[in-house]
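Undergrad: In the working numbering, the protein residues as written are 198 to 592. Could you have a look at this structure, given as structure tokens, before my questions?
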Amino acid sequence: MAEFVGSRTKLAGYCTTYVRVLLYHRWLPDYDVGEIPRFLHRSPYRESPDREYESSVSEALRRIEQRALAQNGRDLVAEERIWQIRIGKQFTKEQRGSDSHAFEEKNHEWKYTLVTDDEAHGYISSLFSTVPDLENLYNSYPYDVLRSDLLRYLILWYFGGYYADMDVFPAQSIKQCRTLRPILSDLRAGSANISLLVGVEIDEPYASTRLMHDWRWIRRYGLIQYTMYAPQRFSPFLREAVVRVLAHTRQHHRSSIPILGPTYSQETILEVTGPGVFTDAVLDVLSNTLPPAHPLVASSVESDLGIGDLIAPASGQVARRVTWAPFHKIREPVCVDAQDAAVGSAMGGLCVLPVSVWGNGQRHSGAENFQGAHACVNHRFGGSWKKEWWRPYFG
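This is how it looks when you write it as structure tokens:
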């Protein structure tokens, strides 16, 4: 009898694997690409931004920053702390999954903080209470994923540290990650001035309209925000992310039908609080702070030759800005030191990691598998808030 049960268990396992293989080959879209790359995405939320509101939010955040730095001797270095967020009425800290526990245990020398509803409301109503309309917008969100997005930017901006979604699990510890080790060493030695490390998630600038439709993409490129590391507090990149999330949320709410209120599709979530707005914030901070002759700007302009995405329709002038081009197909980190900023500008320093470091397990963008030699953390792409059932496996 035991042998029979064991055989049935093995058979069930084989069947499950077979079904997954069939689904993979059935649903994996054809790799349909075009001849012209697109390294610049124009968000509809930037067509007529509320500059006055954005300025007021930015100034409020700067005042919070100055007060905090005045109290600690102006020390920007963040403590080694891992942050995770799990908000929602049905969750308690005792319900953490195995991935979350593994992340804490693998990095046992780091402090660990799980932010639940109580802590989140404390931050919003107290620490960040002077930010215009922040508490109202935070409470107005219909889904927890929107609040979680905003919280990760706020927390990493103020405290610094390492953020990871609850379904991110460690292939290696943070300090043993082969790609990160040289960067961390330079940070400890004081030979690098970097406020934020981010990873590539989507890198398909040649993707055709058909491929984008099959993958349910709005953009051909994007940065990861399910895990990121801020070795310094008060990164200008994260401050700008907070500013834009709040501004885009207000814009979205004001464009909604008053009786029905704002609705959030998957695409809206990605653009208002998720990777879309985050990617734009990072590229625009680089564009607004680096000198026109900087290599990232020069590479972006050169890559636009024959395409024209950087040419202003009215004047015909070429905008000297940073696009996705310098980060396409990178195999080593691309780092920009804070000292590279133009005179009078503050950029904070940035490192962009290849997709093979934090973005493995995907079926696109040159990602490796979870056991890849360069994998440091892996994401299960659980995305329970996403509507398409197959996204966790194939997107």
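For each residue, glycine too, the CB sits at the ideal point set by N, CA and C.
Note down, in chain order, each residue of its chain lying with its Cβ closer than 6 angstroms to the Cβ of TYR360, except the 5 sequence neighbours on either side.
TA: Within the same chain, TYR360 has close Cβ partners TRP280, ARG349, LEU353 and MET425.
Undergrad: Could you name the residues of the same chain whose beta carbon sits closer than 6 angstroms to that of HIS576, not counting the 5 residues immediately before and after it, in chain order?
TA: Same-chain partners within the cutoff: VAL365 and TYR423.
Undergrad: Ignoring anything shorter than 4 residues, give me the alpha helix (DSSP H) runs that lie fully in the region 215 to 287, in order along the chain.
TA: Whole alpha helix (DSSP H) segments, 4+ residues: 248 to 268.
Undergrad: Could you tell me if HIS305 is buried or exposed, where buried requires 16 or more neighbouring beta carbons within 10 angstroms of its beta carbon?
TA: That one is exposed.
Undergrad: In or out: PRO428 buried (at least 16 other Cβ within 10 Å) or exposed?
TA: Its Cβ being crowded by 16 or more others within 10 Å, PRO428 is buried.
Undergrad: Looking only at C-alpha atoms, which of ALA564, ARG385 and VAL533 sits nearest to VAL549?
TA: Of the candidates ALA564, ARG385 and VAL533, the one whose C-alpha sits nearest the C-alpha of VAL549 is VAL533.
Undergrad: Could you please give the first and the last residue of the uninterrupted alpha helix (DSSP H) stretch that includes ILE466?
TA: 463 to 469 is the span of the alpha helix (DSSP H), which, as asked, contains ILE466.
Undergrad: In whole angstroms, give me the CA-to-CA distance for ASP362 and ILE282.
TA: Looking at the two C-alpha atoms, the distance is approximately 7 angstroms.
Undergrad: Apart from the five residues just before and just after PRO246, which ones in its own chain have a Cβ nearer than 7 angstroms to its Cβ?
TA: Contacts found: ALA444.
Undergrad: Can you name, in chain order, every residue of its own chain whose Cβ lies under 7 angstroms from the Cβ of HIS491, other than the five neighbours on each side?
TA: Here the set comprises ASP537.
Undergrad: Is the CB-CB distance between GLY369 and ALA572 below 9 angstroms?
TA: Reading off the sequence shown, one finds Gln at residue 369, where the question assumed Gly. Taking 9 angstroms as the Cβ cut-off, GLN369 and ALA572 qualify as a contacting pair.
Undergrad: With respect to the beta strand (DSSP E) encompassing ILE380, which residues constitute its N-terminal and C-terminal limits?
TA: Run containing ILE380: none in the beta strand (DSSP E); it sits in the alpha helix (DSSP H), 378 to 386.
Undergrad: If I measure Cβ to Cβ from GLU251 and keep anything under 7 angstroms in the same chain, skipping five residues before and after, which residues do I get?
TA: Excluding sequence neighbours, GLU251 sits near VAL440 and ALA444.
Undergrad: From which residue to which residue does the beta strand (DSSP E) around GLU306 run?
TA: Where GLU306 is concerned, there is no enclosing beta strand (DSSP E), given that its DSSP letter is neither H nor E.
Undergrad: Measure the C-alpha to C-alpha separation of ALA404 and SER392 and round it to an integer number of angstroms.
TA: When rounded, the distance between both Cα atoms is 31 angstroms.
Undergrad: May I ask you to report which of helix, strand or coil DSSP gives PHE524?
TA: Residue state, collapsed to three classes: helix.
Undergrad: Should PHE300 and HIS525 be called a contact, given that it needs their Cβ atoms to be closer than 9 angstroms?
TA: Not a contact, by the Cβ cut-off of 9 angstroms.
Undergrad: Using only alpha-carbon positions, find the residue among PRO339, THR476, VAL552 and LEU324 that is nearest to SER462.
TA: It is PRO339 whose Cα lies nearest to the Cα of SER462.
Undergrad: Within 10 angstroms of the Cβ of GLN559, are there 16 or more other Cβ atoms? Answer buried if so, exposed if not.
TA: With 16 or more Cβ atoms within 10 Å of its Cβ, GLN559 is classed as buried.
Undergrad: Return no unless some Cβ of chain B is closer than 9 angstroms to the Cβ of THR327.
TA: The structure shown has no chain B; it contains just one protein chain.
Undergrad: Write down every uninterrupted run of the beta strand (DSSP E) in the region 519 to 568 whose length is 3 residues or greater and which is fully enclosed by it, in chain order.
TA: Listed in chain order, the complete beta strand (DSSP E) runs (minimum 3 residues) inside the region 519 to 568 are 531 to 533 and 547 to 550.
Undergrad: Rounded to the nearest angstrom, what separates GLY203 and ILE284 at their Cα positions?
TA: Residue confidence is low: GLY203 scores 48 on pLDDT, short of 50, so the model does not pin down where it sits. Its coordinate-derived value is still stated next. Straight-line Cα distance between these residues: approximately 40 angstroms.
Undergrad: Have a look at ASN485, ARG264, ILE527 and PRO530 and flag the residue whose alpha-carbon is nearest the alpha-carbon of SER542.
TA: If we check each option's Cα against that of SER542, ASN485 comes out closest.
Undergrad: Is there contact here, the region 259 to 272 with the region 462 to 482, by at least three beta-carbon pairs under 8 angstroms?
TA: With a cut-off of 8 angstroms, the region 462 to 482 and the region 259 to 272 do not count as touching, because too few Cβ pairs lie within range.
Undergrad: Look at the alpha carbon of PRO489 and the alpha carbon of GLU316, and state the distance between them as a whole number of angstroms.
TA: So the alpha carbons of these two residues sit roughly 43 angstroms apart.
Undergrad: Classify LEU483 as buried or exposed, calling it buried when 16 or more other Cβ atoms lie within 10 Å of its own Cβ.
TA: Looking at its Cβ environment, which holds 16 or more other Cβ atoms inside 10 Å, LEU483 is buried.
Undergrad: Just list the residues that DSSP pairs MET425 with in beta bridges.
TA: TYR360, per the DSSP bridge assignment.
Undergrad: Could you tell me which of PRO530, LEU547 and GLY545 sits nearest to VAL554, measuring between CA atoms?
TA: Cα-wise, what sits closest to VAL554 is PRO530.
Undergrad: Is the distance from the Cβ of GLY357 to the Cβ of LEU273 below 9 angstroms?
TA: A contact, by the Cβ cut-off of 9 angstroms.
Undergrad: Less than 9 angstroms between the beta carbons of TYR242 and VAL469, yes or no?
TA: It is a contact, given that the beta carbons lie within the stated cut-off.
Undergrad: Taking the beta strand (DSSP E) that TYR335 falls in, what are its first and last residues?
TA: TYR335 -> not in any beta strand (DSSP E); alpha helix (DSSP H) instead, spanning 331 to 337.
Undergrad: DSSP state of CYS573, grouped into three classes?
TA: Correct three-state label for CYS573: coil.
Undergrad: Give me the residue from LEU351, GLY513 and GLU302 with the minimum Cα distance to PHE431.
TA: Minimum Cα distance to PHE431 is reached at LEU351.
Undergrad: CA-CA distance, MET409 and ILE415?
TA: When rounded, the distance between both Cα atoms is 7 angstroms.
Undergrad: Give me the Cα-Cα distance between HIS318 and PRO329, rounded to the nearest whole angstrom.
TA: If I take the Cα positions, the gap works out to 16 angstroms.
Undergrad: Verify whether the separation of the beta carbon atoms of PRO402 and ARG413 is less than 9 angstroms.
TA: Result no, Cβ atoms of PRO402 and ARG413 do not sit closer than 9 angstroms.
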